[in-house]
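Accompanying notes for the structure given below.
Numbering (the numbering used here), first residue to last: 28 to 395.
Shown next as C-alpha cells:
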C-alpha cells in the first residue's frame, strides 16, 4: 500500500469514527431531556408581535447534566402557557406581561404567577400571559396593545425587573424581534421594531439534539466568546458588580437615558394601549433579601425602581414593590425565591408575586 493510500485510509477512518461517535451521541441525547429550541417566529412590519412557533411541547433543562428539568407548552398564540387563547371568549381578560420571568420556561405552568392567577380567578376572569426572554418595557407596550386590541383584555399586570429600563433603548439592546426606543428628529423617544427573519440554519440546528445540547445546555457560544476574549481581547478588567440582576454601575448617561425610557413608556402606555391607570398594576422585583437591599442601596437598580414607582404612582398606577413581601417571608421561613443556579423566580417567588396581585386594588376590581 502506497503512503498516499495509507494517508487517505487514515483520514477516512478518523472521519468515520468521528461521524459514528457524533451519531451515537445524537441518538443517546434524543432520549434525554435536552433543552428545546425556542424558535421565535419572524417579526416584521406585517407581523409585528413577537411570539414563538405555536402548538409545541417544550423541554427546559440547564447545564451539562440537564438539571432543573421542566416540561412546558407553547400554545396556539405562540406563548408559554397551557391554555389556548380565544379571541371570541367574552369572559373578562387579564393579561400578565413581562420578560423571561413571565415566560418562565423553568417553572411548571401551574406554579407560575399567571398559572396561579388563572386558577385563583377561574370562572370570573381569563388570565393570559405574554413574555419572552430579552423583552423590556418597550416590548411590553406592544404585547399590551395586542392583548387589549386583539384579545379584548380589560386589565394588565406588568412585571418590572432590573434590566427593563436601559434595555428599552436601542442604544443598550437591539435584540432582533423586539421593539426598542430610538430618538427621533425632534429628540423624542419613539418605538421602533428591529425585525427578525430567521434563516434555515436555525431550524436545522433545532432538529439536532446534539446541536441543542452543545448550544443551549453547554452554552458553547458563550464559552467560545470567552475564549476569544481571553486569547485576542484586551487585558481583563475587574469583574463588574451586579445588583438586582443588572449592572450596579450608576453611570450618569445610563441613568439619564433610563429615566427618559420610563417617561416614554408611561406616555405610550396611556396613548398606545388605551386602558385607564386603574386597570394596570405593576409588580416590581427587588433585591429579595434584606442584606442584599442594604448592599444594593444607591445602585442603578435601586435608583431606577424608586424612580419608576414614583413616576407611575403619580399617574395613578398601582405599583406593588415585592421586596417587603420577600423580606417578610424570608425572615419568617428562610426560603429563597430563585433557583440555586438561576436568578429567575422559583415557584416560591412566583407564589409571593401571586399573593401580592390577589391582594391588589386591581384584583378587588376584577372580583366585583
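The C-beta atom is built at its ideal place from N, Cα and C for all residues, glycine as well.
Using a Cβ distance threshold of 8 Å, residue 123 and residue 88 do not count as a contacting pair. Per DSSP, reduced to three states, the secondary structure at residue 94 is strand. Shown here for residue 365: same chain residues with a beta carbon closer than 8 Å to its own, the five before and five after excluded, namely 315, 371, 372, 373, 376 in chain order.
Beyond the five residues adjoining it in sequence on each side, residue 302 comes within less than 6 Å, by CB distance, of no other residue in the same chain. Straight-line measurement puts the Cα of residue 353 at about 25 Å from the Cα of residue 393. Per DSSP, the continuous alpha helix (DSSP H) segment holding residue 294 begins and ends at 279-295. The criterion of a C-beta distance shorter than 8 Å is not satisfied by residue 197 and residue 310. Fewer than three beta-carbon pairs drawn from the stretch 212-220 and the stretch 230-241 are found closer than 8 Å, and the two stretches are therefore not classed as touching.
The beta-carbon separation of residue 78 and residue 43, rounded to 43 Å, does not stay under the 8 Å limit for a contact. Just so you know, the alpha carbons of residue 135 and residue 343 end up roughly 34 Å apart. Beyond the five residues adjoining it in sequence on each side, residue 384 comes within less than 8 Å, by CB distance, of 140, 144, 184, 308, 310, 347, 390 in the same chain, given in chain order.
When rounded, the separation of the alpha-carbon atoms in residue 150 and residue 356 is 30 Å.
Of 244, 182, 273, the smallest CA-CA separation from residue 312 is found for 273. For secondary structure counted as the beta strand (DSSP E) over 3 or more consecutive residues, the stretch 99-180 holds these complete runs in sequence order: 120-125, 153-158. Approximately 6 Å separates the beta-carbon atoms of residue 286 and residue 334; this is inside 8 Å, confirming the contact. The beta-carbon separation of residue 284 and residue 193, rounded to 7 Å, stays under the 8 Å limit for a contact. The C-alpha of residue 395 lies about 21 Å from the C-alpha of residue 142.
An exposed status is given to residue 250, since fewer than 16 other beta-carbon atoms sit within 10 Å of its beta-carbon. The shortest C-alpha to C-alpha distance from residue 208 to any of 224, 223, 191 is the one to 191. It is roughly 56 Å from the alpha-carbon of residue 195 to the alpha-carbon of residue 35.
Buried is the label assigned to residue 127, since at least 16 other Cβ atoms lie within 10 Å of its Cβ.
In the DSSP assignment, residue 229 falls outside any beta strand (DSSP E) and lies within the alpha helix (DSSP H) extending over 227-234.
Within the same chain, and ignoring the five residues on either side of residue 386 in sequence, no residue has its Cβ closer than 6 Å to its Cβ. Going by DSSP, residue 53 is part of the alpha helix (DSSP H) stretching over 30-56. Counted as a single uninterrupted DSSP element, the alpha helix (DSSP H) harbouring residue 378 occupies residues 374-385.
For residue 328, the enclosing alpha helix (DSSP H) has its first and last residue at 327-341. Note: residue 182 is bridge-paired with 121 in the DSSP secondary-structure output. Shown here, residue 61 sits in coil according to DSSP, grouped into three states, outside any helix or strand.
Listed as beta-bridge partners of residue 209 by DSSP are 217. For residue 229, the closest of 37, 68, 305 by C-alpha to C-alpha distance is 68.
Across the structure, residue 38 and residue 252 are spaced so that their CA atoms are roughly 30 Å apart. Nearest neighbour of residue 234 by Cα position, chosen from 94, 56, 199, 350, turns out to be 56.
Relative to the Cα of residue 292, the nearest Cα in the group 187, 224, 116 belongs to 187. When the five nearest sequence neighbours on each side are left out, the beta carbons in the same chain lying within less than 8 Å of the beta carbon of residue 319 are those of 270, in order along the chain. In the displayed model, residue 309 falls within a strand according to three-state DSSP.
Rounded to the nearest whole angstrom, the C-alpha separation of residue 167 and residue 45 is 46 Å.
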